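Novice: So the protein sequences, as listed, match chains A and B.
So for the first sequence, the working numbering puts the first residue at 38; every next one is plus one.
So for the second sequence, the working numbering puts the first residue at 38; every next one is plus one.
First the structure, then my questions, so here it is.
Protein chains: 2
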Amino acid sequence: MDDHIKINFPPGVAISWGLEKQSNRGPKRELNIDQIVEAAIAIADKEGISSVSMNRVASSLGFTSMSLYRYIPSKDDLLILMQDAACDIPNPIPEGDTDWRENLRKFYEATIGVYIKHPWFGDIPITSIPITPNNLQMIDYVLGGIRELPLNDHEKMSIILLISNYARGAGEIMSDANQAIQAGASPGTFSGVDFSNALQELVTSDRFPNLHSLVAKGVYTDDNKDNDVGDDFEFGLERILDGIERYLKLKEQKFDG
Amino acid sequence: MDDHIKINFPPGVAISWGLEKQSNRGPKRELNIDQIVEAAIAIADKEGISSVSMNRVASSLGFTSMSLYRYIPSKDDLLILMQDAACDIPNPIPEGDTDWRENLRKFYEATIGVYIKHPWFGDIPITSIPITPNNLQMIDYVLGGIRELPLNDHEKMSIILLISNYARGAGEIMSDANQAIQAGASPGTFSGVDFSNALQELVTSDRFPNLHSLVAKGVYTDDNKDNDVGDDFEFGLERILDGIERYLKLKEQKFDG
DNA sequence: AATAAACTGTATATGCAATAAACAGTGTAT
DNA sequence: ATACACTGTTTATTGCATATACAGTTTATT
């Protein structure tokens, strides 16, 4: 039926769109894909993506690893499905709100939220532009938030790429930090405070003429409470939004003048 | 000797700083760390990070996998060393040049270059802020490029985080695209052109009210030659630089006015 | 009703991975 | 001369993804 559509999709993508035909012959299925993905996510959330093995997922459901292959053709496809499932979030952008700056902030925060909630999210390799339904849904959300901007489609997509890319980086680093801390590393291990003393001996002024003074002052490895990682990223986000605003103003001038 | 320094470092980091004591007893070593890291990088460059196994690296040097453990305590440490070695690049910023915008662009390009040259680079998980020597060297480079800016240390580090984070995202996507294409996927597979027809059926206006028209027009999966992935990222970079410029102007006004 | 086809979950097996442990040989310090 | 600290290797363990063959189950066809 939908065969003509799915032809080029990787199997995981086809499944995410529900394009897999099922037949009625044979015994009733005891599992379903959502259940498997959910179980995999539960394990990844608790113990990291490296704990997600076919055996582990199947066992947690009371089945053998091979049973999963009746539903999902490979582990890579399972990862695609996990990634897409993690993107299934409510629209962070208020209906009808046309404050694009605030809307992009909301989108940024929602994206970061995915990384925080699912620290493994960034560990799944990207093998194409987003084409699974919930990934596209997020793009749809943010497109709604910049609907009114006088930009062409390409410009809009570039801006979305800019923000989501920035959020990806920020999200990865934040969740890595969380993970490291949860894994028993002292908070300072990630921020670098634990290394501060060692670095002060190693970052010499001859080899690192510019960095030396920052390390000596302890700025580089500083993590006082007023200035956590998240704050640094919000600083960057505001610079990005300013840059977009500037671009909008320039375009307006071209029209008006 | 240097024992007091390295105490808290992960072994790979300690090795990268050359903090490992060696003794003269026993047979002459037939390998050295640089050689091992070089061999691992050669394999990763050619066949991807997943082809890098201890056995594979050792074999390519004519040794057994276990021999590597006499030099590097674990594969994770080998990855840290590979990551740092990939960052050993010449300073992209011209001596004495004070055009911060151009300098940040150069830094961005050099960073992207690392991802292009070593497509596996982004696949290595970050477990702390950069503390290995070549990673720090890159930070030193870019700090030199914004030396003259009237910003405090924290602000400078935030800006570097902003740019390098953006470059990371851009680099990952670009190298993923390269990889996918090299791996035999048609160029269109990554850009989405191959999926365009299918998506036009799936991205319906009721489920994706904002994205629908873009996909229908083919913009989302468009990859005409005038507009490749790299261009999209340069657009974003200029927005970021504009945003930084705006921040500088605001600071100046505070001083002047 | 009988049977073939298409499916189900499982048991078994393969090959590759990281790495621990035990080993035999090799230099150096005593 | 010999004990020690090291070298690279052999062997073994454990966990992984997944191919293949199986026995049982449901439906479609005869």
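Ideal Cβ positions, reconstructed from N, Cα and C, are used throughout, including at glycine.
Being a predicted model, the structure only gives us computed values, none of them experimental.
Looking at the structure shown, is B/Thr169 part of a helix, part of a strand, or coil, going by DSSP?
Specialist: As a first step, residue 169 of chain B is located in the second sequence; it is residue number 132 there, counting from the start. It is coil, neither helix nor strand.
Novice: Using the Cβ count rule (16 or more neighbours within 10 Å means buried), how would you classify B/Asn140?
Specialist: As a first step, residue 140 of chain B must be located in the second sequence, where it is residue number 103. The residue is buried, with at least 16 neighbouring Cβ atoms inside 10 Å.
Novice: Does the pairing of the region 270 to 278 of chain A with the region 198 to 213 of chain A give three or more beta-carbon distances under 8 Å?
Specialist: With the cut-off at 8 Å, the region 270 to 278 of chain A and the region 198 to 213 of chain A touch.
Novice: Determine whether the Cβ of B/Val256 lies closer than 7 Å to any Cβ atom of chain A.
Specialist: For this step, residue 256 of chain B is matched to residue 219 along the second sequence. With 7 Å as the cut-off, B/Val256 counts as an interface residue toward chain A.
Novice: How about B/Ser88 and B/Ile153: are their beta carbons less than 7 Å apart?
Specialist: On the second sequence, position 51 is the one that residue 88 of chain B refers to. On the second sequence, position 116 is the one that residue 153 of chain B refers to. No.
Novice: Applying the 10 Å Cβ sphere with the 16-neighbour rule, what's the burial state of A/Arg66?
Specialist: Start at 1 with the first residue of the first sequence, and residue 66 of chain A comes out as number 29. It counts as exposed.
Novice: Using the rule of at least 16 other Cβ atoms within 10 Å of the residue's Cβ for burial, across every protein chain shown, is B/Ser53 buried or exposed?
Specialist: Numbered from 1 along the second sequence, position 16 holds the residue referred to as residue 53 of chain B. It counts as buried.
Novice: Quick check on B/Thr135: does DSSP put it in helix, strand or coil?
Specialist: Against the second sequence, residue 135 of chain B aligns to sequence position 98. In the structure shown, B/Thr135 sits in coil (DSSP, three-state: anything other than H, G, I, E or B).
Novice: Within the continuous alpha helix (DSSP H) that includes B/Lys254, where are the two ends?
Specialist: Counted from its first residue, the second sequence places residue 254 of chain B at position 217. Its alpha helix (DSSP H) spans residues Leu248 to Lys254.
Novice: Determine the contact status of A/Met194 and A/Cys124, defining contact as a CB-CB distance below 7 Å.
Specialist: Within the first sequence, the letter at position 157 stands for residue 194 of chain A. Within the first sequence, the letter at position 87 stands for residue 124 of chain A. Not in contact: A/Met194 and A/Cys124 (Cβ atoms no closer than 7 Å).
Novice: Going by beta carbon distance, what residues of the same chain come within less than 7 Å of A/Ala95, once the five residues before and after it are set aside?
Specialist: On the first sequence, position 58 is the one that residue 95 of chain A refers to. So the qualifying residues of the chain are Thr101, Ser102, Ser104 and Leu105.
Novice: I believe A/Asn171 touches A/Asp121 by the beta-carbon criterion, under 8 Å. Please report the beta-carbon distance rounded to the nearest angstrom.
Specialist: Your numbering for residue 171 of chain A matches position 134 in the first sequence. Your numbering for residue 121 of chain A matches position 84 in the first sequence. Going by Cβ atoms, the distance from A/Asn171 to A/Asp121 rounds to 5 Å, so yes, they are a contact pair.
Novice: I want to verify the contact list: residues of chain B whose CB lies under 7 Å from the CB of A/Asp136, in sequence order.
Specialist: To locate residue 136 of chain A, count along the first sequence from 1; it is residue 99. Correct list: empty, because the minimum Cβ distance to chain B is about 16 Å.
Novice: Would B/Ile277 pass as a contact of A/Gly99 if the rule is Cβ separation under 7 Å?
Specialist: Taking the first residue of the second sequence as 1, we reach residue 277 of chain B at position 240. Taking the first residue of the first sequence as 1, we reach residue 99 of chain A at position 62. Against a cut-off of 7 Å, the Cβ pair of A/Gly99 and B/Ile277 comes out as no contact.
Novice: A/Thr135 and A/Val185 - do their beta-carbons sit closer together than 7 Å?
Specialist: For the purposes of this step, residue 185 of chain A is taken as the residue at position 148 of the first sequence. For the purposes of this step, residue 135 of chain A is taken as the residue at position 98 of the first sequence. The question names Val, but residue 185 of chain A is Glu in the sequence shown. Cβ distance < 7 Å, so A/Glu185 and A/Thr135 count as in contact.
Novice: Could you tell me the distance, in whole angstroms, from the CA atom of B/Ala253 to the CA atom of B/Phe245?
Specialist: Translated into the one-based positions of the second sequence, residue 253 of chain B becomes position 216. Translated into the one-based positions of the second sequence, residue 245 of chain B becomes position 208. Rounded to whole angstroms, B/Ala253 to B/Phe245 spans 11 Å at the Cα level.
Novice: List, in chain order, every chain A residue whose beta-carbon is nearer than 8 Å to that of B/Asp160.
Specialist: For the purposes of this step, residue 160 of chain B is taken as residue 123 along the second sequence, with counting starting at 1. What B/Asp160 touches in chain A: Pro162.
Novice: On a Cα-Cα basis, can you pick out the residue from A/Ser242, A/Ala79, A/Ile166 and A/Pro131 that is closest to A/Pro156?
Specialist: By 1-based counting over the first sequence, the position of residue 156 of chain A is 119. It is A/Ala79 whose Cα lies nearest to the Cα of A/Pro156.
Novice: Taking beta-carbon pairs under 8 Å, can you tell me which members of the region 195 to 209 of chain A lie near chain B?
Specialist: Within the region 195 to 209 of chain A, the residues whose Cβ lies closer than 8 Å to some Cβ of chain B are Ser195, Ile196, Leu198, Leu199, Asn202, Tyr203, Arg205, Gly206, Ala207 and Glu209, listed in chain order.
Novice: Verify the CB distance criterion: does A/Phe144 have a CB-CB separation below 7 Å to chain B?
Specialist: Looking up residue 144 of chain A in the first sequence gives position 107. Closer than 7 Å: no.
Novice: Ignore the nearest five residues each way along the sequence and tell me which others in B/Thr169's own chain have a CB closer than 6 Å to its CB.
Specialist: As a first step, residue 169 of chain B must be located in the second sequence, where it is residue number 132. These residues qualify, in order along the chain: Val50, Ser53 and Asp121.
Novice: Given that a residue counts as buried once 16 or more other Cβ atoms are within 10 Å of its Cβ, and exposed if not, what is B/Asp263?
Specialist: For the purposes of this step, residue 263 of chain B is taken as residue 226 along the second sequence, with counting starting at 1. Low confidence applies here, because B/Asp263 scores a pLDDT of 44, under 50, leaving its location unreliable; read the following figure in that light. Counting Cβ neighbours within 10 Å, B/Asp263 comes out exposed, since fewer than 16 surround it.
Novice: According to the Cβ coordinates, are A/Ile197 and A/Val179 closer than 7 Å?
Specialist: Reading the first sequence from its first residue, position 160 is the one you call residue 197 of chain A. Reading the first sequence from its first residue, position 142 is the one you call residue 179 of chain A. Taking 7 Å as the Cβ cut-off, A/Ile197 and A/Val179 qualify as a contacting pair.
Novice: Using 8 Å for Cβ pairs, my map puts A/Gly255 next to A/Gly208. What's the rounded Cβ distance?
Specialist: As a position in the first sequence, residue 255 of chain A is number 218, starting the count at 1. As a position in the first sequence, residue 208 of chain A is number 171, starting the count at 1. So it is not a contact: roughly 27 Å between Cβ atoms.
Novice: Considering B/Lys83, what are the terminal residues of the alpha helix (DSSP H) in which it resides?
Specialist: Position 46 of the second sequence, counting from 1, holds the residue named residue 83 of chain B. From DSSP, the alpha helix (DSSP H) with B/Lys83 extends over Ile70 to Glu84.
Novice: Just tell me which of A/Thr258, A/Gly150, A/Val74 and A/Glu275 has its CA closest to the CA of A/Asp113.
Specialist: To locate residue 113 of chain A, count along the first sequence from 1; it is residue 76. When each option's Cα is compared against that of A/Asp113, the closest is A/Val74.
Novice: Quick check on B/Glu289: does DSSP put it in helix, strand or coil?
Specialist: Within the second sequence, numbered from 1, the residue matching residue 289 of chain B stands at position 252. Three-state result, B/Glu289: helix.
Novice: Distance check for A/Gly133 and B/Gln290, CA to CA, integer angstroms please.
Specialist: Along the second sequence, read from residue 1 onward, the residue named residue 290 of chain B stands at position 253. Along the first sequence, read from residue 1 onward, the residue named residue 133 of chain A stands at position 96. The alpha-carbon atoms of B/Gln290 and A/Gly133 are separated by roughly 36 Å.
Novice: Would B/Trp54 pass as an interface residue toward chain A - the criterion being a Cβ-Cβ separation below 7 Å?
Specialist: Counting from one through the second sequence, the residue named residue 54 of chain B turns up at place 17. Closer than 7 Å: yes.
Novice: So which of A/Leu115, A/Lys288, A/Phe232 and A/Glu238 has the shortest CA-CA distance to A/Leu188?
Specialist: Residue numbering aside, residue 188 of chain A sits at position 151 when the first sequence is read from its first letter. Comparing Cα positions, the closest option is A/Lys288.
Novice: Taking Cβ positions, are B/Ile145 and B/Leu274 nearer each other than 7 Å?
Specialist: Here residue 145 of chain B is taken as the residue at index 108 of the second sequence, counted from 1. Here residue 274 of chain B is taken as the residue at index 237 of the second sequence, counted from 1. Checking the sequence, you will find Tyr at residue 145 of chain B rather than Ile. Their beta carbons are under 7 Å apart, which means B/Tyr145 touches B/Leu274 by this criterion.
Novice: Using a Cβ-Cβ distance cut-off of 7 Å, determine whether A/Asn247 contacts chain B.
Specialist: Here residue 247 of chain A refers to the residue found at position 210 when the first sequence is read from its first residue. By this cut-off, A/Asn247 is an interface position.
Novice: Does A/Gly99 get closer than 7 Å to chain B when you measure Cβ to Cβ?
Specialist: Mapped onto the first sequence, residue 99 of chain A falls at position 62. No, A/Gly99 lies away from the interface with chain B (no Cβ there is under 7 Å from its Cβ).
Novice: Grab me the residues of B/Ala81's own chain with a C-beta within less than 6 Å of its C-beta, minus the 5 sequence neighbours each way, in chain order.
Specialist: Taking the second sequence and counting its residues from 1, the one referred to as residue 81 of chain B is at position 44. The residues are Val89 and Trp157.
Novice: How is the alpha helix (DSSP H) around B/Ile52 delimited, first residue to last?
Specialist: Position 15 of the second sequence, counting from 1, holds the residue named residue 52 of chain B. Per DSSP, B/Ile52 belongs to the alpha helix (DSSP H) from Pro48 to Ser53.
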